[in-house]
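Before any comments, here is the structure.
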Amino acid sequence: MSLERLELRAIDESEFRDWLRAKKVAFQQPPVVSDEEVADRLPHHDLSRTYGAFDRGRLVSTFHSFDQRLSTVGGAELAADAVSGVSVLPTHRRRGLLSRAMNADLALAKERGDACATLIAAEYPIYGRFGFGAATWITEWEIDVTRAGLDRRWAGPTDADGGGRIDLADGAEIRAIGPGLHRRLAAGRAGITQRTPRDWDYGTGHDAVLSTPWTEPFYAVHRNAAGEPEGYVSYRSEDRWSDGKQPTNTATVRDLIAATPAAERALWRFVCSVDWITRVRTGYRAADDLVPGLLPDARAARVVTHSDMLWVRILDVPKVFEPRTYGTEGSLVLDVRDAAGFAAGRFRLDASPKGGACTRTDAAPDLVLDVAELATLALGDASAVRLAALGRIEEASAGAAARADLLMRTPRRPWSMDFF
Numbered sequence: 155m156s157l158e159r160l161e162l163r164a165i166d167e168s169e170f171r172d173w174l175r176a177k178k179v180a181f182q183q184p185p186v187v188s189d190e191e192v193a194d195r196l197p198h199h200d201l202s203r204t205y206g207a208f209d210r211g212r213l214v215s216t217f218h219s220f221d222q223r224l225s226t227v228g229g230a231e232l233a234a235d236a237v238s239g240v241s242v243l244p245t246h247r248r249r250g251l252l253s254r255a256m257n258a259d260l261a262l263a264k265e266r267g268d269a270c271a272t273l274i275a276a277e278y279p280i281y282g283r284f285g286f287g288a289a290t291w292i293t294e295w296e297i298d299v300t301r302a303g304l305d306r307r308w309a310g311p312t313d314a315d316g317g318g319r320i321d322l323a324d325g326a327e328i329r330a331i332g333p334g335l336h337r338r339l340a341a342g343r344a345g346i347t348q349r350t351p352r353d354w355d356y357g358t359g360h361d362a363v364l365s366t367p368w369t370e371p372f373y374a375v376h377r378n379a380a381g382e383p384e385g386y387v388s389y390r391s392e393d394r395w396s397d398g399k400q401p402t403n404t405a406t407v408r409d410l411i412a413a414t415p416a417a418e419r420a421l422w423r424f425v426c427s428v429d430w431i432t433r434v435r436t437g438y439r440a441a442d443d444l445v446p447g448l449l450p451d452a453r454a455a456r457v458v459t460h461s462d463m464l465w466v467r468i469l470d471v472p473k474v475f476e477p478r479t480y481g482t483e484g485s486l487v488l489d490v491r492d493a494a495g496f497a498a499g500r501f502r503l504d505a506s507p508k509g510g511a512c513t514r515t516d517a518a519p520d521l522v523l524d525v526a527e528l529a530t531l532a533l534g535d536a537s538a539v540r541l542a543a544l545g546r547i548e549e550a551s552a553g554a555a556a557r558a559d560l561l562m563r564t565p566r567r568p569w570s571m572d573f574f
């Protein structure tokens, strides 16, 4: 089939239902779109950034992007082009449709002045060729509470944990206190993407139109000694009993946000002390989450998922590296290769714990690397020494990779908790 017959363009309102249906087909979901779903989703899609590919008037591919804020090291936010809804129908694979849509969208994002683009990759091998690199990772554990060694008679935070208390709550309270706690988390953790009011509505079942039937979870809030909220958890539990008439429920954590380590410890201990709960699924957490180190018997926490999460595509090197802070003072010259040309060039990074200056230079390089590998370093997660050992970056001056690690890596790994 001639590529000229495949038209790629922004859709109009009359085509939005077909766009949703095509995306569902590609994602192996029932190809049914209700009037309520159209009415719910249409106001939240910028149609100028909602693309479709058409074969003789029929939608065969989808692509969508929107404005996003991404926390970086030190608490600053980066302006990002969030890519979502990427699909190609099985009848039209290998026609270059994704490449055409992605290249067009990234060019517009660069023109707008976005620092980077982001996405959650359904399949690992796809997006590296467009300059994206895996910048954050997630891990999910299953905790066998019966062998974890925690005190099952736990009655709340102690003075050793900073005091405070745990209160049960409902979705309305989480919508009220959650955004503030989320902002506090993002101020101290790289990789956090912002949540809109609509996200909070969806996450607490407040919005009537949901893609799956809603089951109301349990909510609990940690408050400090002054009564101020410092964290919350939401979880669901199924009703299950053994043949010996013993409860064997599994609690699945949907969301746990804590602004302080004391709140985080208290919330995990709370979930693991609820009567009838014998197992806890943690949900997707940072790879260096306090679980399993919080448990007296760390082997009681079994890794069930470990995977890449947020992928970042750097569009402007100074805009990514100047707002963040660094572990110490130092300088690096980065020779960045970018086949698309958006971020290509040689840059001198002068870093300090207060921030960075990043400017173009003709100086000899310290590190030579592709823009996708630079993205894995940007939020402090990957090790330049390890990337050099893997042959994925070139160490042009002796010791440059180790210096990059001292500057860029963070005490806590970046964490992206939300799909989009």
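Note that the working numbering gives residue 421 to position 267 of the sequence shown, counting from 1, and the numbers run on in steps of one.
Don't be surprised by glycine CBs; every beta carbon is placed ideally from N, CA and C.
Alpha helix (DSSP H) containing residue i: first to last residue?
i: G325; result: G325 to G342
i: A255; result: L251 to R266
i: E418; result: P415 to S427
i: K473; result: V471 to F475
i: R540; result: A538 to A543
Whole-angstrom Cβ separation of residue i and residue j, contact assumed at under 8 Å?
i: L224; j: T272; result: 6 Å
i: L561; j: Y480; result: 5 Å
i: W354; j: G332; result: 6 Å
i: L486; j: D520; result: 5 Å
i: W465; j: Y281; result: 6 Å
i: G325; j: N378; result: Their Cβ separation, rounded to whole angstroms, is 22 Å, which puts G325 and N378 out of contact at 8 Å.
Determine the direct distance from the alpha carbon of residue j to that of residue i, and round the result to whole angstroms.
i: L201; j: H218; result: 8 Å
i: D442; j: S537; result: 15 Å
i: R502; j: A526; result: 18 Å
i: R206; j: A413; result: Per the sequence shown, residue 206 should be read as Gly rather than Arg. Each residue's alpha carbon lies about 41 Å from the other.
i: A497; j: P446; result: 39 Å
i: T216; j: A233; result: 23 Å
i: D166; j: W173; result: 10 Å
i: P450; j: T432; result: 16 Å
i: R248; j: E370; result: 42 Å
i: F284; j: W422; result: 39 Å
i: E190; j: R491; result: 46 Å
i: T592; j: V227; result: Since the displayed the chain opens at 155 and closes at 574, residue 592 lies outside it and no answer follows.
i: V179; j: V407; result: 29 Å
i: V522; j: A532; result: 15 Å
i: V458; j: E548; result: 34 Å
i: I292; j: Y373; result: 23 Å
i: A452; j: T312; result: 22 Å
i: T245; j: V214; result: 8 Å
i: A454; j: A555; result: 36 Å
i: G488; j: L541; result: The sequence given here has Leu at residue 488, not Gly. Computed Cα separation, rounded: 14 Å.
i: V428; j: V237; result: 39 Å
Buried or exposed: where does residue i fall if 16 or more other Cβ atoms within 10 Å of its Cβ makes it buried?
i: R567; result: buried
i: M155; result: Low per-residue confidence applies at M155: pLDDT is 47, beneath 50, and the placement is therefore not dependable, though the value from the model is reported in the following sentence. Counting Cβ neighbours within 10 Å, M155 comes out exposed, since fewer than 16 surround it.
i: D393; result: exposed
i: A557; result: It should be noted that the sequence gives Arg, not Ala, for residue 557. That one is buried.
i: S241; result: buried
i: F181; result: exposed
i: A511; result: exposed
i: E120; result: With the chain covering only 155 through 574, there is no way to say anything about residue 120.
i: E294; result: buried
i: G359; result: exposed
i: T290; result: buried
i: V474; result: buried
i: T577; result: This structure cannot speak to residue 577, because the chain is shown only from 155 to 574.
i: A405; result: buried
i: V425; result: buried
i: H594; result: Nothing about residue 594 can be read from this structure; the chain reaches only from 155 to 574.
Strictly by DSSP, which residues pair up with residue i?
i: D321; result: V375
i: L488; result: F501 and L521
i: R433; result: D298 and T404
i: L464; result: I274
i: L174; result: The partner list for L174 (beta bridge, DSSP) is empty, contrary to what the question assumes.
i: Y205; result: A164 and F217
i: L224; result: L232 and T347
i: G553; result: DSSP output for G553 lists no bridge partner at all.
i: E548; result: V522
i: A440; result: I292
i: S570; result: Bridge partners of S570: none, in fact.
i: S238; result: H218
i: V457; result: W295
State the start and end residues of the unbroken beta strand (DSSP E) segment that holds residue i.
i: S188; result: Here S188 belongs to no beta strand (DSSP E), and DSSP marks it neither H nor E.
i: E161; result: L160 to A164
i: R408; result: N403 to A412
i: P383; result: P383 to S391
i: R514; result: G509 to R514
Are the C-beta of residue i and some C-beta of chain C separated by less than 9 Å?
i: D492; result: Looking at the structure shown, chain C is missing, and only one protein chain is on hand.
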